[in-house]
Each structure stands twice: as structure tokens, then as C-alpha cells.
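Going letter by letter, the sequence shown gives residues 694 to 1013 in the working numbering.
Note that beta-carbon positions come from the ideal geometry of N, C-alpha and C, so glycine has one too.
None of these values were measured; they are calculated from a predicted model.
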Amino acid sequence: MSLQQSPRAILLLGPTASGKSAAALALAEHLDLEIVSIDSALVYRGMDIGTAKPSADERRRVPHHLIDLIDPGESYSAARFVNDAHAAIEAVRAKGRLPLLVGGTMLYVRALLGGMDDLPAANAEVRARLDDEARRLGWPVLHARLAQLDPATAARLPPTDAQRIQRALEVIELTGQPLSSLLGRQRDNAARPLASWPIISLEPSDRSVLHTRIAERLRAMVRAGFMDEVQTLRARGDLHAGLPSMRCVGYRQAWEALERQQATAEQAFLEPAIAATRQLAKRQLTWLRAMPERRVIDCLAPDAIPEVVRRVLGLWQSDH
């Protein structure tokens, strides 16, 4: 199969702690590829331990794209991701290499495969005001407001999901319409649907084993100095808990733990962080199940990585 006949890219997806990064690095030993990250947390500089960012050695071995793009004080959007991902894919293909898209930010996957919903851009003034209200009243109060204005959206969001509650209220203020009525309307300049791209999905046959992996991973992050990393970010003075970067799972719980009780922050962090990461994995699996075209591999199987290699080699055979 020639490069022109091969898929333009292959996606390697899965919930957190499913072994995506290890599988991608193993693939690099068999194929001339570069990795394009589909991870909304990896775009931030200085957020390394809590995002399980590839090490400098791994990035020397295999080129990675869409990592360390912005400062934690900035925002990154799905629309920008789509543009950046397309640019990275074309750059990798121009070298005759396989673009392997790896990650678990399913909103980005949806935007890349199906185009962007017709939603307004973020408005800093509206967000700052909502953040101020949340500090005074609490996010559950704003969730109750959302339930009156957009019951469908509120019903699928927990009262503590600050980022999504804020976005839903922001959309209502900017458009006068509920978010639920706008989702699905495609922009005229939406990204070309790419549903034909092969998707390999690493999913657990036993959710409890994945939960154990998640807990072990978070404990390893703490041992690696994660709390110090978050404390360094807090010490900058220009970051706050309402920023998208600090709302990332793990960072939000660490920030809150450090804010409440510095002396026992590690213990205060672990339990809520494990619970939040389990919920993230559950949401990721729900997104994945809505992709019937995906090729599922049990991430808990002893031969999971060799099976990923076998499947991808079957999909991509360069004639170079």
C-alpha cells in the first residue's frame, strides 16, 4: 500500500490509564510515525507530572505534536485544536510518516471527526463575572440557574462541573439560546468529517482493574512531586482555580487540597482525585461506545500492546 492509498491518519484512543502512550511508543519501534496529541491538558507548559506528559527522552525518540503550546494562564479551544491537528497531520505526512493521533479528550476527537458546533467564542468578561458569582455563591447555585434556563444541559452536568456550567451559562448570555438547542448545528467552515479514519480503542474488560490502575497512577504522581508542581503554579500569583488549566482533573483536586490544608495536602488530594479520574474514565468510555466504527482492544490483556501493533501494521503499510 502506498502512502497515498493509506489512511491520512490513525487514531489511538482510550480512557485515562489504558496504556495509550506505551502502545504509541511501541508502535514507533515498528513504524516511521509521529505522535499528534489529543489531550487538552498536555497543551499547557509547566504541567508535566499531573498530565503524565511524555518525558524529554520519549520526545527525542519519537516526535510529538500539540504539547507545551501555551501557558497555563491562557485558554485553548476545540476549534484551535482542529486547526492545529490538521496542520500537524499534513506536516507529518509531508515527511512520508504516519500521523498517529493519541489521547482521550473526546470533545477534541468529536470536533476533529465531525466538525465544530456553531457556538460563540469564549468571552473573558462574561467568564470573569460568572467566576466571581461562583466564588460568592458556589457552583451548585449557578447549576440551579442553568436548570431553569437550559434543563437539558443541566440534567447531564453535576452541580460541581464548573467548566461546563460556566460555558453553558456563557452561551445563553451571548446568544440568548440554550446550549442544548445549538449543539449539532455545524459551522459553514466546519472541519471535513473524517469518520473514515481508522480508530483503535483501548478499553478495559474489567472496570475495577482500570480503577486500580488509576489509583496507582495518582499515587505515583504524588511520589514524583505532583503536589510541589501544583504549589509552584499557585506561587506564580497570576493563576487561579477557575482557569481551564487548573480545572484539569488532578490539578483541580490538588489546588483545593493545598488551599484547605497545606500540612496534609497529599492525603486530602488522593481520594477526591481518584474519584474524579474514575468519573473522567467513565465519560471517556461513554464517548467511545458512541463510535461503532472503532476497533476495540482489551487494554488489560497481556498482549494488548502487540495487538495494537498488529492492527496498526495491518492498516498502514508504507512502500518506503
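CA-CA distance, H757 to V736, rounds to 11 Å. Less than 8 Å divides the Cβ of T709 from the Cβ of Q977. One Cα belongs to A913, the other to P747, and the distance between them is close to 15 Å.
Where E922 is concerned, the enclosing alpha helix (DSSP H) starts and stops at F919 to A928. For the options E767, A934, I742 and R790, the alpha carbon positioned closest to that of D825 is the one of A934. A straight-line Cα-Cα distance of about 11 Å links A855 and V834.
Pairing A721 with R1004, the inter-Cα distance amounts to about 14 Å. Straight-line spacing of the CA atoms in I728 and A861 works out to 32 Å. For R738, there is no enclosing beta strand (DSSP E), as DSSP gives it neither H nor E. For the pair V795 and S898, the CB atoms are not nearer than the 8 Å cut-off. The straight-line gap separating the alpha-carbon atoms of Q859 and L951 is approximately 24 Å. If you draw a straight line from the Cα of T905 to the Cα of R829, it comes to about 37 Å. A residue is called buried when at least 16 other Cβ atoms come within 10 angstroms of its Cβ; A928 does not meet this threshold and is exposed. Proximity to L806 across M920, E1000, I892 and G1007 peaks at I892, based on C-alpha coordinates.
Annotated as distal: L704 and W1009, with beta-carbon spacing of 8 Å or more. Out of R701, P700 and S711, the CA that lies nearest to the CA of A994 is found in S711. Rounded to the nearest whole angstrom, the C-alpha separation of G789 and P700 is 12 Å. Under the DSSP assignment, S874 falls outside any beta strand (DSSP E), being part of the alpha helix (DSSP H) whose first and last residues are L872 to L875.
Taking the C-beta atoms as reference points, D777 is found nearer than 8 Å to L759. Between the beta-carbon of L911 and that of T970 there is about 7 Å, and that keeps the pair under the 8 Å contact cut.
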